[in-house]
Structures are given as C-alpha cells and as structure tokens.
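Student: Residue numbers (the UniProt record's numbering): 1 to 199.
As structure tokens, this is what we get:
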C-alpha cells in the first residue's frame, strides 16, 4: 500500500496493509528485496491502524518480522560471505534513502559485495537521493530527473550500478536509457546470487 500511502489515499492504503497482514500471517520472517517496501511495513503501516487496536498490533507484529534482504542475510542469518564470484568486478553502490536512512542498512551491502570479490568504487553521489520517491517522480518530474542526472553524471566507470532498492534502480536505469547511456544496472540480490553461483 505504499503508493496509496504516499499519495494520501489512507483508506486504500489501509485496505492494502490489512491484506498484507493476512497474507503473511504465520510466516516466521518476511524478507523483501526493497528498502521502500520494508519501510512501509515497519514504519508506516502501523500508523494506519492507530485507532484499531487489533490491526495495529498485527501491524507491529508484521513489522517485527519484516527485513530488507541484505539486512536479513547479515543480521538474521549472520552471512559474511556468499562466494567469490564477483572477483575483478567494479561496482558502484547507491545507498537508497529508505534502505540507508529509514532502516539503517548502510555498510552491510558494501561488505557483502566486497566479500564476494567486487571492488566497490568510490562515488561522490552514492549517498544522494536518486530522485524517484514514488509519487514524487510524477508530481515533480523535472526535479526528479535532475536528481537522477546528477547521480548518473558523477557515476564512475563500472561493471554495474547496484542498490538494495529496485525502485531506485528502475528510475536510474530508465533515465540512463532516455539519455542513451550504457549503464549496467543490477539489484544487489542479483550480484550476490552471481557471486554465490560463481564461487
């Protein structure tokens, strides 16, 4: 229900959040390949039910079982290495706003990529917002595109641009394509899987 929540459609967001609670009821963990979706479940979904005690408690329960993928690998499974299949690869890591600022998952993806053999290259804009922000990209398209351009203009030459948030990657990949830039964009999960299979 995050798009509805961000757009201020509380009733729709509440319906979606209630459905999500029902779908994942009884699951020990809910692991998401997206910092934005994880933030919705952890931080925003409980707010939707502050006047509805049973749903509020269910939202808190779900929040406590929800993890972003890399966070789950490192904090729950205690993964330190997935293989060395990225040896010799140069990657730039984008610290998505929800992943790093809301969830506090900052160095974990970088550590796993480096342990997999990749060199995470310095990038002056790695901590800057990509400009997507869901509804923000629609309502403020010129600003959103300028923010993506800033990131792409400062991107060093790499084998892959990666992040733990697919929405950011879709935005950056789309903008790169619009500009005719050859930027290989890969979700961190895809790179870690490649590392696992290759070594």
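Backbone N, C-alpha and C fix where the C-beta goes; we use that ideal spot for every residue, glycine too.
Do residue 77 and residue 191 have their CB atoms nearer than 9 Å?
Tutor: Here residue 77 refers to the residue found at position 77 of the chain shown. Here residue 191 refers to the residue found at position 191 of the chain shown. Contact flag unset, no.
Student: When the Cα of residue 51 is compared with those of 72, 34 and 14, which residue comes out closest?
Tutor: Along the chain shown, one-based indexing puts residue 51 at 51. Ranking 72, 34 and 14 by Cα distance to residue 51 puts 14 first.
Student: Taking 8 Å as the threshold, find out whether the region 128-139 comes into contact with the region 39-49 through three or more Cβ pairs.
Tutor: Per the Cβ contact rule, the region 128-139 is not in contact with the region 39-49 (fewer than 3 Cβ pairs under 8 Å).
Student: If you follow the beta strand (DSSP E) that residue 162 is part of, which residue opens it and which one closes it?
Tutor: On the chain shown, position 162 is the one that residue 162 refers to. Element bounds for residue 162: 160-163.
Student: On a Cα-Cα basis, can you pick out the residue from 88, 183 and 83 that is closest to residue 194?
Tutor: Here residue 194 corresponds to residue number 194 of the chain shown, with the count starting at 1. Considering only alpha carbons, the answer is 83.
Student: Compute the beta-carbon to beta-carbon distance between residue 116 and residue 86, rounded to the nearest angstrom, for a pair I have assumed lies under 8 Å.
Tutor: By 1-based counting over the chain shown, the position of residue 116 is 116. By 1-based counting over the chain shown, the position of residue 86 is 86. Confirmed, about 4 Å.
Student: Under 8 Å by Cβ, that's how I've got residue 186 and residue 162 pegged, so tell me the actual separation to the nearest angstrom.
Tutor: Numbered from its first residue, the chain shown carries residue 186 at position 186. Numbered from its first residue, the chain shown carries residue 162 at position 162. Confirmed, about 5 Å.
Student: Measuring CA to CA, which of 105, 89, 171 and 61 is closest to residue 20?
Tutor: If you number the chain shown from 1, residue 20 lands on position 20. Ranking the options by Cα distance to residue 20, first place goes to 61.
Student: Could you give the DSSP three-state label for residue 29: helix, strand or coil?
Tutor: As a working mapping, residue 29 is identified with position 29 in the chain shown. Note: residue 29 maps to coil in three-state DSSP.
Student: What is the rounded straight-line gap between the Cα of residue 97 and the Cα of residue 131?
Tutor: Working through the chain shown from its first residue, we reach residue 97 at position 97. Working through the chain shown from its first residue, we reach residue 131 at position 131. Between residue 97 and residue 131, the C-alpha separation is close to 10 Å.
Student: May I have the straight-line CA-CA distance separating residue 118 from residue 92, to the nearest angstrom?
Tutor: As a position in the chain shown, residue 118 is number 118, starting the count at 1. As a position in the chain shown, residue 92 is number 92, starting the count at 1. Whole-angstrom Cα-Cα distance: 10 Å.
Student: Less than 9 Å between the C-beta atoms of residue 176 and residue 145, yes or no?
Tutor: Walking along the chain shown from the start, residue 176 turns up at place 176. Walking along the chain shown from the start, residue 145 turns up at place 145. Not in contact: residue 176 and residue 145 (Cβ atoms no closer than 9 Å).
Student: Below 8 Å on the Cβ atoms is my contact criterion, and I expect residue 28 with residue 65 to pass it. Report the Cβ-Cβ distance as a whole number of Å.
Tutor: On the chain shown, position 28 is the one that residue 28 refers to. On the chain shown, position 65 is the one that residue 65 refers to. That pair is a contact at about 7 Å.
Student: Which first and last residues belong to the beta strand (DSSP E) in which residue 66 is found?
Tutor: If you number the chain shown from 1, residue 66 lands on position 66. Residues 66-68.
Student: Measuring straight from C-alpha to C-alpha, what distance separates residue 165 and residue 174?
Tutor: Within the chain shown, the letter at position 165 stands for residue 165. Within the chain shown, the letter at position 174 stands for residue 174. Cα to Cα, the separation comes out at about 14 Å.
Student: Could you pull the DSSP bridge partners for residue 93 from this structure?
Tutor: By one-based count along the chain shown, residue 93 stands at place 93. Per DSSP, 162.
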